[in-house]
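In what follows, a single structure is set out as structure tokens and then discussed.
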Amino acid sequence: MEMKPRLEKFYDVATGILALFAVSLAIIDMDRGLNEWQRIADNIVLAVFVVDYVVRLCIAKNKKIFFKENIFDLVAIFPFNSFFRAFRIVRLAKLAKLVKLSKMSRLVSYSLRLLKRVRAFLDTNGFKYVLALSCGLVAIGGVAIHFAEGMELSDGFWWAFVTTTTVGYGDISPSTATGRAIAIILMITGIGLIGSLTSTITSFFLNLKPEKPEHKDEILSVVRAQLDDLEKMSNEDIDRICEILQTYKKK
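So in the working numbering, the last one in the sequence shown is 581, and the numbering has no gaps at all.
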């Protein structure tokens with residue numbers, strides 16, 4: 331019951347990190363080209379994504395839908411570089427444009443894959459709303475401290491940011507009552523943001539919500555199997571059984 335969600339989260343995080351690494355390599359490749367070790371790393375990442383795409387294609391129930399929904403993943407694993415190396419003898423501007431286009435296509439596909447992982451994280455526990463609210467308060471705080479303390483607007487935004495993130499370098503500090511009140515609000519906002527971030531990370535990596543069995547017999551068999559080892563069960567295991575029963579009751 332627990333392994334599948336955990337494996338899915340591990341897969342999401344691992345592919346997200348690989349996508350971020352691949353985006354970095356793609357940007358370097360477009361800017362000044364890759365050195366030997368970067369080229370090896372790029373080929374390893376490419377090989378991982380090829381295996382990932384092939385496995386997901388093989389287990390997909392509807393191959394046509396899978397192909398349509400993962401067209402950018404296919405672009406990302408297409409061996410453009412190897413293809414164009416065979417045509418080095420052709421020194422034409424059109425070929426150079428095609429090579430650049432292929433690199434940009436791979437960059438876009440990797441970026442979209444990374445964006446998908448980031449979006450999944452932001453959707454966890456509604457963290458995107460907390461983040462948006464915090465950013466809004468930082469912006470308002472920066473403007474407010476600008477008028478309250480008479481500091482530069484850029485300094486106001488910097489101060490609001492470091493205060494909210496609880497870094498508090500101390501290079502800029504409010505001296506008026508209004509400025510200190512703004513600081514208190516931003517500090518409380520920062521504490522709430524960090525607490526929400528911590529719980530979101532925990533939920534994202536340890537998503538222990540039980541899957542919904544389709545039949546009553548399956549639910550009862552799972553519950554019975556766990557109740558047989560009641561003495562070894564933790565409070566979390568008991569809470570999880572209650573969640574399973576409540577989930578079925580609401581169906």
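Positions of the beta carbon are idealized from the N, C-alpha and C atoms, including for glycine.
Coarse secondary structure for residue i, derived from DSSP in three states
i	result
Thr506	coil
Asn455	helix
Met331	Unreliable placement is indicated for Met331, whose pLDDT of 43 sits below 50; the coordinate value is still reported in the next sentence. In this structure, Met331 counts as coil in the three-state DSSP scheme.
Lys446	helix
Thr532	helix
Gly346	helix
Arg386	helix
Glu366	helix
Thr495	coil
Met482	Reading the sequence as shown, one finds Glu at residue 482 and not Met. Of the three classes helix, strand and coil, the one that applies to Glu482 here is coil, per DSSP.
Lys391	coil
Asn373	helix
Span separating the alpha-carbon of residue i from that of residue j
i	j	result
Phe322	Leu348	Examination of residue 322 is not possible in this model, given that the chain is present from 331 through 581 alone.
Ile531	Gly346	14 angstroms
Met517	Gly486	15 angstroms
Trp488	Gly472	7 angstroms
Leu467	Ile512	10 angstroms
Ala352	Val492	31 angstroms
Ala490	Asn455	25 angstroms
Val381	Val448	22 angstroms
Ser484	Ile475	11 angstroms
Glu366	Ala469	44 angstroms
Ala583	Ile568	Examination of residue 583 is not possible in this model, given that the chain is present from 331 through 581 alone.
Arg369	Phe396	29 angstroms
Asp453	Ile401	24 angstroms
Asn373	Leu364	11 angstroms
Spatially closest choice to residue i from the options, by CA coordinates
i	options	result
Glu399	Lys446, Leu483, Leu452	Lys446
Thr495	Ile521, Ala390, Ile514	Ile521
Val375	Cys572, Ala344, Phe457, Ile568	Ala344
Given 8 angstroms, three or more beta-carbon pairs between the segment 456-467 and the segment 515-531
As far as the Cβ criterion goes, the segment 456-467 touches the segment 515-531, which means the pair count is three or higher.
Below 8 angstroms, how does it come out for the segment 468-479 and the segment 501-514: are there three or more Cβ pairs, yes or no?
In the pairwise beta carbon analysis, the segment 468-479 is classified as touching the segment 501-514: at least three pairs are separated by under 8 angstroms.
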